[in-house]
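For the sequence shown, the positions run 15 to 390 when the working numbering is used. In what follows, a structure is listed as C-alpha cells, so that the remarks can point back to it.
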Amino acid sequence: MRRIVYKKQEVHYKWLIKQKCRASFELFCQQLVANNAFDLPYKIAAGKIRKQTVLQSVKTSNGQFTNTIEETIQTIVQALFPTDDSKQETHVQLKKRETVNTYSSTILDKQFTKQEITYDISTMKKKAPGIDGISIEIIKELHDMNPDILHYTYNKCLELGIFPETWKKGKLIIFNKPGKDPSLSNAYRPICLLSVLGKILDKRLVFRITHLLHKNNKLHKQQHGFRNGRSCETANFRLWQAINIALQERVPATILSLDVQGAFDTVWRTSILFQLTQANCPQNIFNLVRNYFTNRSIHYFQDEEVWNFDNQRGVPQGSCSGPLFWNLVMDTALDLPLPQGSHIQAYADDIIVVIRGKDKEEIERKGNAILEKLLA
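See below:
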C-alpha cells in the first residue's frame, strides 16, 4: 500500500517539476521578447544560434594537411580571399584599370547634412562592433550629445577622399558550412565584423551612389536582388514571361542556373570603380570609394593570438555597400550580348539564363556560347 502511495506522489512530483520548468521558461521568454520579438528565443527556435567553429587541419593546395593552427588559418584565408595580381589581367582588364587610374571629373557632390548623418545613425541596426569595440549605442549617445563631431568628421573624409585606415580593418569570423567537409578550405563561410563608425559613412555612400545610378539609369532592369521594389516574386514573374514566350512560339527551351561561388569575397574591385566612372561619378565620391578599397585588412583572433592579412579583393561581408557594389559587377554580365532567343536575369549572385531554339543542337550551341562569355 505504501509503495502505491509513493509511486503516485513521485509521479505528481515529476509533473509539478515539469510544470514549474515550463512556467519559468515561458516567463524567461516573455521578459526577453518584451522589447524585441526576434531576440534569443526566436533565434534558438529558428536555428540562428551557431556553435563556435573549432578549426582543424585542412588540405593545402598540394594535398598535404596543415600541422598548426597558423597554417590552417592561412590556408583558409588564402582560399576565401584571393589576392589581386595585375600581371594575370587580360587586355580588357588592363584598359579598365587604366581608365580608373586616370579618371577625373570636375563634378563634386555636396557635403553630407546633419539630417543625413542623424538618419544613418538612427537607422543603423544593432550589430556586433568591429575591432575598436565601439557599438552603435555608444555612437548614438555621442551624436545626441554633440552632433557636430561626426558631421564634421564624415565631411572631412569626403573632402579629402580618405576612408580612415582603422575603419578598414575587419574582424574575421569563420563558420563551418553545414554538411561540408571541414578538412576542405572552402568549407567555411567568412564574416567580417567592421567598425560601426566606418559602416555609417559606408551607408551614406550607398545612398549617394544609388541616387547617382538611378539618375543615370545605370541599374540593370534584370537584377532583382538587393533592389528596392524588386524581390523573388518579380524575378519569378520575369522568368515565367521568358518561358511563356517559348510556349507561345511552340519551340523547345532550356534553363541554365548558375551560382557564383564566393561572390562577395572574390569581386575585382577595379570593375566596381570602372562602373562608377561610366556613371560619371562625382570626383569626391569616387576618391572616397577608391580609398575605401585601398589597404583593407582582416584580422583573425583566437585566444591570445591574432593573425593579420591583407584584403585585396572582394567587398566586405557585412558592409552596407557590399550588395550595391556586387550589383555593379553583376551588371557587366547582364549587359553581355547574347544569342537571339536568349534571356538572362539575376537575383543577387544567382544567374538564370533561358535559351530558346528550334532543336537540341541549336540550344546547346547557344548555351555553350553564353557560358563561354560569362566565364571569360
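Built from N, CA and C at the ideal position, the CB exists for glycine as well.
C-alpha distance - residue i paired with residue j, whole-angstrom precision
i: residue 347; j: residue 274; result: 12 Å
i: residue 159; j: residue 197; result: 51 Å
i: residue 3; j: residue 172; result: For the chain, the structure presents residues 15 to 390; residue 3 sits outside this window and is missing.
i: residue 101; j: residue 373; result: 43 Å
i: residue 120; j: residue 311; result: 32 Å
i: residue 147; j: residue 206; result: 14 Å
i: residue 284; j: residue 294; result: 15 Å
i: residue 178; j: residue 117; result: 22 Å
i: residue 387; j: residue 287; result: 22 Å
i: residue 155; j: residue 96; result: 39 Å
i: residue 109; j: residue 292; result: 13 Å
i: residue 304; j: residue 338; result: 15 Å
i: residue 69; j: residue 330; result: 22 Å
i: residue 262; j: residue 256; result: 10 Å
i: residue 301; j: residue 343; result: 19 Å
i: residue 150; j: residue 276; result: 29 Å
i: residue 379; j: residue 86; result: 43 Å
i: residue 204; j: residue 90; result: 10 Å
i: residue 18; j: residue 24; result: 10 Å
i: residue 170; j: residue 225; result: 21 Å
i: residue 237; j: residue 359; result: 6 Å
i: residue 83; j: residue 289; result: 40 Å
i: residue 7; j: residue 92; result: The question about residue 7 has no answer here: the residues shown for the chain are numbered 15 through 390.
i: residue 106; j: residue 136; result: 43 Å
i: residue 45; j: residue 39; result: 10 Å
i: residue 27; j: residue 42; result: 22 Å
i: residue 33; j: residue 279; result: 50 Å
i: residue 235; j: residue 142; result: 34 Å
i: residue 114; j: residue 98; result: 16 Å
i: residue 319; j: residue 340; result: 33 Å
i: residue 233; j: residue 216; result: 19 Å
i: residue 75; j: residue 193; result: 22 Å
i: residue 355; j: residue 383; result: 13 Å
i: residue 307; j: residue 328; result: 9 Å
i: residue 8; j: residue 167; result: In the structure as shown, the chain begins at 15 and stops at 390. Residue 8 is therefore absent and cannot be evaluated.
i: residue 195; j: residue 321; result: 24 Å
i: residue 230; j: residue 80; result: 50 Å
The beta strand (DSSP E) enclosing residue i, as first and last residue numbers
i: residue 321; result: 319-324
i: residue 267; result: 267-273
i: residue 285; result: No beta strand (DSSP E) holds residue 285; the alpha helix (DSSP H) holding it covers 283-292.
i: residue 95; result: Element bounds for residue 95: n/a, residue is neither H nor E.
Beta-bridge pairing of residue i - partner residues as DSSP gives them
i: residue 359; result: 366
i: residue 202; result: 190
i: residue 311; result: 183 and 324
i: residue 79; result: 73
i: residue 207; result: 185
i: residue 237; result: 360
i: residue 316; result: 319
Opening and closing residue of the alpha helix (DSSP H) in which residue i lies
i: residue 217; result: 210-229
i: residue 170; result: 162-174
i: residue 300; result: 297-306
i: residue 339; result: 336-348
i: residue 248; result: 246-263
i: residue 380; result: 374-389
Below-8 Å beta-carbon distance, residue i vs any chain C residue
i: residue 172; result: Among the protein chains of the structure shown there is no chain C, as only one such chain exists.
Cβ separation of residue i and residue j, assumed to be a contact under 8 Å, to the nearest whole Å
i: residue 265; j: residue 370; result: 5 Å
i: residue 191; j: residue 313; result: Rounded, the Cβ-Cβ distance is 22 Å, inconsistent with contact.
i: residue 334; j: residue 210; result: Actually they are not in contact, since the Cβ atoms of residue 334 and residue 210 sit about 11 Å apart, beyond 8 Å.
i: residue 123; j: residue 296; result: 4 Å
i: residue 144; j: residue 208; result: 5 Å
i: residue 67; j: residue 189; result: 6 Å
i: residue 222; j: residue 299; result: 6 Å
i: residue 239; j: residue 390; result: Contact doesn't hold; Cβ gap of about 23 Å is too wide.
i: residue 249; j: residue 260; result: With 8 Å as the limit, residue 249 and residue 260 do not qualify as a contact, their Cβ atoms being about 18 Å apart.
i: residue 132; j: residue 157; result: 7 Å
i: residue 199; j: residue 72; result: 5 Å
i: residue 396; j: residue 272; result: Only positions 15 to 390 of the chain appear in the structure, and residue 396 is not among them; the question remains open.
Closer than 7 Å: residue i CB and nearest the ligand ADP heavy atom
i: residue 121; result: The ligand ADP is absent from the structure shown, which contains no ligand whatsoever.
Every unbroken alpha helix (DSSP H) within the segment 97-181, with a cutoff of 4 residues, ordered by chain:
105-115, 128-136, 150-159 and 162-174
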